[in-house]
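Those letters in the sequence shown? Residues -28 to -1, 1 to 179, by mature numbering (1 follows the signal peptide of the UniProt record, and there is no 0).
Glycine is no exception: its CB is placed at the ideal position from the N, C-alpha and C atoms.
Since we're looking at a predicted model, the values are computed, not measured.
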Amino acid sequence: MLLKIYKPVSLVLMSFLLLMGSSMNCFSQTKTNTYDIVLAGFTIGSMQADKTTLPTGEDYQIHSKVEFWFFGKIHVEFLQNVKFQDGQLIKATTKSDSNRGNFVTTIDWNKDHYDIDANSYKFHNEDPINQAVFGTPAKLYFQEPKDGDILISENFGMLTTVREVDKGVYEIDVNGNMNRFQYENGILQKVILENNIKNYSIQRRDD
């Protein structure tokens, strides 16, 4: 008798759990873009950008690995996680591991400002940002910006303003280095980044 009762209950419970799992998948969708990292015409690494859409906001992850020779072998691995809630940046964490050392930058929304703890090679910044911000460079890998948009650099914890220099071409100044984003039909095709060592580019890969 007990077996007859438990069996339909178990089936109902299993159906409920499957339905809940299916519902969660409907509300959580991830889009992935892949890129080659190019220096002086040579591919020196790769990058993957993920955007996960959730019921309450969006999560972005940027992951790249680079290896090249410049008076010795240089290795850099970069991982960035960015969280938006109701359109506003809530949290960003950037980790970089390289020959020059390992660094972590965190940006956290705290009531009415962002707490900043930015660290990279020969750079440190703890100046708070006293306004809500709704964009970061990570978002630009999935969404074409507008002239005048204000972003927070996830690496340096500093504000920057988007400047449209041509149709589908935008520039942002990141700690004194100019980064240029090039779009075709609203889709990012190429990023040219200034660097203290040598400029390089991130180019969309058509897999």
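Tell me the residue span of the beta strand (DSSP E) that contains asparagine 171.
To locate residue 171, count along the sequence shown from 1; it is residue 199. From DSSP, asparagine 171 is part of no beta strand (DSSP E); its letter is neither H nor E.
At the level of alpha carbons, what is the spacing between aspartate 22 and tryptophan 41?
Here residue 22 is taken as the residue at index 50 of the sequence shown, counted from 1. Here residue 41 is taken as the residue at index 69 of the sequence shown, counted from 1. In a straight line, the C-alpha of aspartate 22 is about 28 Å away from that of tryptophan 41.
Between which residues of its own chain and aspartate 58 is the CB-CB distance below 8 Å, once the five residues before and five after are set aside?
Locating residue 58 in the sequence shown gives position 86, counting from the first residue. Once the five neighbours on either side are set aside, the close Cβ partners of aspartate 58 are Thr28 and Gly29.
Within a Cβ cutoff of 6 Å, which residues of the same chain sit near phenylalanine 106, ignoring the five residues on either side of it in sequence?
Along the sequence shown, one-based indexing puts residue 106 at 134. Once the five neighbours on either side are set aside, the close Cβ partners of phenylalanine 106 are Gly59 and Gln60.
Give, in chain order, every unbroken run of the beta strand (DSSP E) that is at least 3 residues long and sits entirely within the region 96 to 135.
122 to 124 and 131 to 133
Do the CB positions of glutamine 52 and asparagine 127 come within less than 9 Å of each other?
Translated into positions along the sequence shown, residue 52 becomes position 80. Translated into positions along the sequence shown, residue 127 becomes position 155. Yes.
Here's a check: name, in chain order, each residue in its chain whose Cβ is nearer than 7 Å to the Cβ of asparagine 91, leaving out the five neighbours to either side.
Sequence index remark: in the sequence shown, residue 91 carries index 119 (1-based). For asparagine 91, where only same-chain residues beyond five positions count, the Cβ hits under 7 Å are Phe75, Val76 and Thr77.
Among the residues of its own chain, which have a CB less than 7 Å from the CB of tryptophan 99, if the five just before and after it don't count?
To locate residue 99, count along the sequence shown from 1; it is residue 127. Checking the displayed sequence, the identity of residue 99 turns out to be aspartate instead of tryptophan. Here the set comprises Ile88.
Under three-state DSSP, which class holds asparagine 74?
Here residue 74 is taken as the residue at index 102 of the sequence shown, counted from 1. Residue state, collapsed to three classes: strand.
Measure the Cβ-Cβ separation of glutamine 20 and threonine 2 and say whether it is below 9 Å.
On the sequence shown, position 48 is the one that residue 20 refers to. On the sequence shown, position 30 is the one that residue 2 refers to. No, Cβ-Cβ distance for glutamine 20 and threonine 2 is not below 9 Å.
With H, G and I counted as helix, E and B as strand and the rest as coil, what does DSSP make of tyrosine 32?
Here residue 32 corresponds to residue number 60 of the sequence shown, with the count starting at 1. Looking at tyrosine 32 - three-state DSSP - the assignment turns out to be strand.
Status (buried if at least 16 other CB within 10 Å, exposed otherwise) for phenylalanine 14:
Counted from its first residue, the sequence shown places residue 14 at position 42. Under this definition phenylalanine 14 is an exposed residue.
Check whether residue 259 and isoleucine 124 have beta carbons under 9 Å apart
Residue 259 is absent from the model: the chain starts at -28 and stops at 179.
Is asparagine 91 helix, strand or coil when you go by DSSP?
Working through the sequence shown from its first residue, we reach residue 91 at position 119. In the structure shown, asparagine 91 sits in a strand (DSSP, three-state: E or B).
According to DSSP, residues forming a beta bridge with lysine 23
The count along the sequence shown starts at 1 and reaches residue 23 at position 51. Looking at the DSSP assignment, lysine 23 forms a beta bridge with Lys3 and Tyr32.
Rounded C-alpha distance that separates aspartate 80 from glycine 73
Locating residue 80 in the sequence shown gives position 108, where the first residue counts as 1. Locating residue 73 in the sequence shown gives position 101, where the first residue counts as 1. Those two C-alpha atoms are separated by around 23 Å.
Leaving out five residues on either side along the sequence, give the residues of the same chain with a beta carbon under 7 Å from the beta carbon of leucine 11.
As a working mapping, residue 11 is identified with position 39 in the sequence shown. Excluding positions up to five away in sequence, the list reads Phe40, Lys170 and Tyr172.
CB-CB under 7 Å to glycine 132, same chain, minus the five flanking residues each way: which ones, in chain order?
Residue mapping note: residue 132 aligns to position 160 of the sequence shown, counting from 1. According to the sequence as given, residue 132 is threonine; it is not glycine. Excluding residues within five positions, the ones whose Cβ falls inside 7 Å are Leu123, Ser125, Ile144, Asp145 and Val146.
Please classify glycine 44 as buried or exposed, where buried requires at least 16 other C-beta atoms within 10 Å of its C-beta.
Taking the sequence shown and counting its residues from 1, the one referred to as residue 44 is at position 72. By the 10 Å Cβ count, glycine 44 comes out exposed.
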